[in-house]
Amino acid sequence: MKSKFVYVPGGNAPVSRIEVQPGEGDRFIVNVDGKSVEVEAFATELGIALRRDGRSIDTSVEQRQERTIVRTPALRKSFEIEDQRIWEMKSALSAGAGALKPKLNSPMTGKVVLVRVQPGDHVVAGQTLVIIEAMKMENEVKATADAQIKAVSVAAGDLVSPGTLLVEFVV
Amino acid sequence: MSANPVFRKVLVANRGEIAIRVMRTLRDLGIKSVAVYSDADARALHVRYADEAYHVGAAPSAQSYLRADRILEVARRSGAEAVHPGYGFLSENTDFAAQCEAAGIVFIGPPASAILDMGEKTRARRIMIASGVPVVPGTEHAIPDPMEALEIARKIGFPVLIKAAAGGGGKGMRRVDDEAMFLDSFSGAQREARSAFGDDACYLEKWIIRPKHVEIQVLADKHGNCVHLFERECSVQRRHQKVVEESPCPILRHDVRMAMGEVAVRAAKAVGYVGAGTCEFLIDHEQNFYFLEMNTRLQVEHPITEQVTGVDLVEQQVLIAAGQPLPFAQQDLSQHGHAIEIRVYAEDPENNFLPSPGPISHLHVPTGPGVRDDGGYETGTVVSMNYDPMISKFIVSAPTREKARARMLRCLDEYQVQGVETNLDFLKDCLKHPEFIDGSYDTGVVSGISAIRAAAAPPAEQDTEDALIAAAIWRHLSQAQMQQNGTGAEQGAADSPWLQFGRRKQIGRL
Numbered sequence: 063m064k065s066k067f068v069y070v071p072g073g074n075a076p077v078s079r080i081e082v083q084p085g086e087g088d089r090f091i092v093n094v095d096g097k098s099v100e101v102e103a104f105a106t107e108l109g110i111a112l113r114r115d116g117r118s119i120d121t122s123v124e125q126r127q128e129r130t131i132v133r134t135p136a137l138r139k140s141f142e143i144e145d146q147r148i149w150e151m152k153s154a155l156s157a158g159a160g161a162l163k164p165k166l167n168s169p170m171t172g173k174v175v176l177v178r179v180q181p182g183d184h185v186v187a188g189q190t191l192v193i194i195e196a197m198k199m200e201n202e203v204k205a206t207a208d209a210q211i212k213a214v215s216v217a218a219g220d221l222v223s224p225g226t227l228l229v230e231f232v233v
Numbered sequence: 040m041s042a043n044p045v046f047r048k049v050l051v052a053n054r055g056e057i058a059i060r061v062m063r064t065l066r067d068l069g070i071k072s073v074a075v076y077s078d079a080d081a082r083a084l085h086v087r088y089a090d091e092a093y094h095v096g097a098a099p100s101a102q103s104y105l106r107a108d109r110i111l112e113v114a115r116r117s118g119a120e121a122v123h124p125g126y127g128f129l130s131e132n133t134d135f136a137a138q139c140e141a142a143g144i145v146f147i148g149p150p151a152s153a154i155l156d157m158g159e160k161t162r163a164r165r166i167m168i169a170s171g172v173p174v175v176p177g178t179e180h181a182i183p184d185p186m187e188a189l190e191i192a193r194k195i196g197f198p199v200l201i202k203a204a205a206g207g208g209g210k211g212m213r214r215v216d217d218e219a220m221f222l223d224s225f226s227g228a229q230r231e232a233r234s235a236f237g238d239d240a241c242y243l244e245k246w247i248i249r250p251k252h253v254e255i256q257v258l259a260d261k262h263g264n265c266v267h268l269f270e271r272e273c274s275v276q277r278r279h280q281k282v283v284e285e286s287p288c289p290i291l292r293h294d295v296r297m298a299m300g301e302v303a304v305r306a307a308k309a310v311g312y313v314g315a316g317t318c319e320f321l322i323d324h325e326q327n328f329y330f331l332e333m334n335t336r337l338q339v340e341h342p343i344t345e346q347v348t349g350v351d352l353v354e355q356q357v358l359i360a361a362g363q364p365l366p367f368a369q370q371d372l373s374q375h376g377h378a379i380e381i382r383v384y385a386e387d388p389e390n391n392f393l394p395s396p397g398p399i400s401h402l403h404v405p406t407g408p409g410v411r412d413d414g415g416y417e418t419g420t421v422v423s424m425n426y427d428p429m430i431s432k433f434i435v436s437a438p439t440r441e442k443a444r445a446r447m448l449r450c451l452d453e454y455q456v457q458g459v460e461t462n463l464d465f466l467k468d469c470l471k472h473p474e475f476i477d478g479s480y481d482t483g484v485v486s487g488i489s490a491i492r493a494a495a496a497p498p499a500e501q502d503t504e505d506a507l508i509a510a511a512i513w514r515h516l517s518q519a520q521m522q523q524n525g526t527g528a529e530q531g532a533a534d535s536p537w538l539q540f541g542r543r544k545q546i547g548r549l
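Chains A and B, in that order, are what the protein sequence lines are. Be aware that the first sequence starts at 63, since it is given in this note's numbering, and climbs by one per residue. Be aware that the second sequence starts at 40, since it is given in this note's numbering, and climbs by one per residue.
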C-alpha cells in the first residue's frame, strides 16, 4: 500500500509531497514533488539500508518527537515529516484558526521577556502579543485573528511551559 | 598468575566505563570484583559485569559513590582485600585513602601523603621548585617596584604577563612582548589595578606562546623503582575538558620527551609516589616544558599509553598495591605505533554542549582492525542526569599517526548512537581540523571549530535527497508494521525482519 507524506522544511520554504510506493521485494518507488526515484531499501537494526543507482547508503533513522533524524555517511539531517492526511487535517485546523479561540496558551517552555499588549487593546492577526525566550532564542507569539484583549496572565520574567495561559480575548 | 592471585577480591569504588575497565583487568588476573551502585545504577552495566554488587545509596554521588563509610562497609562485608577508586569520586580523597589503610584494606593508589602534597597547587609548586622541576616561571608575590619587576621579566624572558593580584576574569592582565614596553605597561597595570580593585599589587608570569598540553605517565612501586611510560598529547580541549588525546605527541622532539620523562620521575619521587600517576606539562612553541600538576590517579586517557607501550596500567596498579616490584626497567619500555582516543559524550553540540541524558535506544560501536572501546553502556541502558555523561572512550591504534587518524574517521562514520544527542560530529570536525592533521594544534584549537563548520559547504542536493528518501521509506515501513500489528498478523515467522523492526521501534519509545 502506498504511503503519502508531507515534508515541512520550515521557515518560508514550501512543503514537499512524498509518496512511497512499495514494489517487488525490496523495491520502492519514491516520488518527491512529482519526481520519481527507484530504489531498493530494507529495514536494518539502525535504520534503512538504501541502494540507489548502484550507490549503497546505509543509514541510521530515529524518530524523536516531531523530527525524523537521519544519518547517512554524508550527513546528519533532521526532517519534519508528517503523514499527509494528518498534515491536511492540521492545516485545515490552522486555516480555521482565523476563527478566534478565547484563550492563547504558551506553545513552549521558556521565559517571558516581553508582553506587548494590555487588557482592552485591539490587535490584528499576526501582531506580536508576547515574546518568550527558550534556548536563548526569542520566539514571538502572535495573534491568529483580529481581536480585543480581555486579560493578560503573564508578565516579563515569568517562566512558562506548554499550556500556560498567556492571554485571553474578548469573544 | 590466576593460580595464585595477588588479591582474591577487589572492590571497585566507581561506576560506568572506568568501573568496567578495571573489572576487566581484575578478571584477566583471576580476581573477583565487587561493584557498588546507587539507586540510579541498579541495572547499570558495571553492576552486571561484577561478581558481587552492593547498593550504597541514592542517585546523587554525595549520597552513594562519595560515601566512604558505606563503601568501606561493603569492602568489609564482601571480604574485599583492596579498593580500586578509578578516577573522580574518591580517587584523590586523602581521608578515604587513610581510612582504607586504617581498616586494613589496600587502597590501590598512592599514599595519602602524596595525594596531599600534589593536591594543593601552591604546595606542589613549592615542592617541585625545590626538586628542580621546571614550573611556569613567575613571581609568587607582588612586585611593587617597576624596576625590580623589569629585572625579573628579563630573567623570565619575554613575552610576560602582568597580572593584578586582586584581578580575575581577564581583568587587570597585560601581555608585554618586549623590554621597551615593559615599564609603561607595568605602571599602567598598577594604576588600572588600583582604580579597578583598590589594590595596585601586580605580579609576573611567563606568557606561554601557543601552549600544548602534554602529560607523562609514571609508575612507581613500593621498592623505590619509578619509570615513565612516555607522553600523551591532550591539547584538544573544550573548556579545559580533554576531548581527543593521542600518543605519541606528533611534534615532540625525542630529547624533549626523554627530558620530560626524567622530570616526571623526579616529581613522583619528590613526594614518595606509589602506583600510577600523571604529570601534566605545558610546552611552548620552542618545546620548553613547564610542570602544571600531578594527577594522583589513573587518567581517563590511560588507554592510549597502554596501546602504545603494551603495558596494562590497571594490572600494574594492582600488582604494585600488592607489593610486587615493577617487572620492567626504563630501558625495557618503548613506544610502538600511534594511538588516538576520543571521548564520546551524551551531549548536544548544537545546544551549547548541554548534557543529553536519557535511554540509549540503540548503540552501535565500531569494530574491526585496531579498535578498542572502553564503554559503560549498551542498547537499552540509560545515561543518568546524575553523573558525567560520557558514553565511552573509543581508542584506535595503527602503525603511523596518519593511519590512526584515518582509522578514527572510519570509526566515527560507523559509530551510531540513537536516543540521545552525542558529540560524534564535533569529534569528526576536530579530527579534520588542519592543525590536527599537521599536529601543530595547541590548547586553543577547539575554539576555531565552529567557524570552520559554519564555513563548510552545504551538503550536496543528492545527499539530502538520499536522506529524505530513507526517512520516508522508514516512516512507510513503520506504518506498515503498526498496521500489521493492529490486525494481529504478527503470528507470522518469529524472525521476520518486520517483527525485529517492531521490537526495535518499541525500544526506541522507552
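Beta carbons are placed, not taken as given, at the ideal position from N, Cα and C, and that holds for glycine.
Rank the options by C-alpha distance to the C-alpha of residue i and give the top, closest one.
i	options	result
D412(B)	D67(B), V339(B), D80(B) and R492(B)	V339(B)
G316(B)	I182(B), P173(B) and I154(B)	I154(B)
A192(B)	S224(B), A169(B) and R165(B)	S224(B)
V45(B)	E301(B), Q356(B) and Y480(B)	Q356(B)
K471(B)	F221(B), A445(B), T418(B) and V456(B)	A445(B)
I168(B)	A306(B), E270(B) and E231(B)	A306(B)
L14(B)	F475(B), E474(B), I476(B) and L448(B)	Any answer about residue 14(B) is impossible in this case: the structure gives chain B only from 40 up to 549.
L321(B)	V347(B), V304(B), L291(B) and L129(B)	L291(B)
L402(B)	A105(A), S122(A), T134(A) and L112(A)	S122(A)
E190(B)	A228(B), V353(B) and L243(B)	L243(B)
N391(B)	S486(B), L111(B) and F128(B)	S486(B)
Does the separation of the CB atoms of residue i and residue j fall below 9 Å?
i	j	result
G478(B)	P176(B)	no
M63(A)	A79(B)	no
G55(B)	R336(B)	no
G409(B)	S431(B)	no
D502(B)	A136(A)	yes
D116(B)	Y93(B)	Reading the sequence as shown, one finds Arg at residue 116(B) and not Asp. A contact, by the Cβ cut-off of 9 Å.
W246(B)	P185(B)	no
V145(B)	Y329(B)	no
F269(B)	V347(B)	yes
Q189(A)	A213(A)	no
V132(A)	A506(B)	yes
Quick one: using the 10 Å Cβ neighbour count with 16 as the cut-off for buried, is residue i buried or exposed?
i	result
H85(B)	buried
T344(B)	buried
R230(B)	exposed
G206(B)	buried
D260(B)	buried
R277(B)	buried
Q180(A)	exposed
H123(B)	buried
S168(A)	buried
A528(B)	Reliability fails at A528(B), whose pLDDT of 42 lies under 50, so the model's placement of it is uncertain and no value is given.
Q457(B)	buried
M576(B)	There is simply no residue 576(B) to check, as chain B begins at 40 and stops at 549 in what is shown.
Using beta carbons (cut-off 9 Å, strictly below), is residue i in contact with chain A?
i	result
L507(B)	yes
P388(B)	no
A445(B)	no
T503(B)	yes
G527(B)	Bear in mind that the predicted position of G527(B) carries a pLDDT of just 45, short of 50, making it too unreliable to give a figure here.
A494(B)	no
P498(B)	yes
I512(B)	yes
Shorter than 8 Å, the distance from the beta carbon of residue i to the closest heavy atom of the ligand MG, or not?
i	result
E272(B)	Looking for the ligand MG in the displayed structure turns up nothing, as the structure carries no ligands at all.
Check whether chain C comes within 9 Å of residue i, counting only Cβ atoms and requiring the distance to be less than that.
i	result
G414(B)	Reference to chain C is not applicable here, since the protein chains of this structure are A and B.
Got a sec: is the Cβ-Cβ distance from residue i to anything in chain B below 9 Å?
i	result
V110(A)	It should be pointed out that residue 110(A) corresponds to Ile in this sequence rather than to Val. For I110(A), the answer is yes, since a Cβ of chain B falls inside 9 Å of its Cβ.
T226(A)	no
S98(A)	no
G148(A)	The sequence given here places Ile at residue 148(A); Gly does not occur at that position. Taking Cβ atoms only, chain B never reaches closer than 9 Å to I148(A), which makes this a no.
A103(A)	yes
Short-range partners of chain A found in the segment 132-165 of chain B, where Cβ spacing is below 8 Å: none
Residues of the segment 169-196 of chain A with Cβ closer than 8 Å to any Cβ of chain B, in chain order: none
Under 9 Å (Cβ pairs) to chain B, residues found in the segment 114-142 of chain A: R114, R117, I119, T121, S122, V123, E124, Q125, R126, T130, I131, V132, R133, T134, P135, A136, L137, R138, K139 and F141
Against chain A: residues of the segment 374-400 of chain B by CB proximity under 7 Å: N390 and S400
Chain A contacts from the segment 449-466 of chain B (Cβ-Cβ distance under 8 Å): D452, Q455, Q457, G458 and D464
Cβ-based contacts, 8 Å cut-off: residues of the segment 206-217 of chain A near chain B: none
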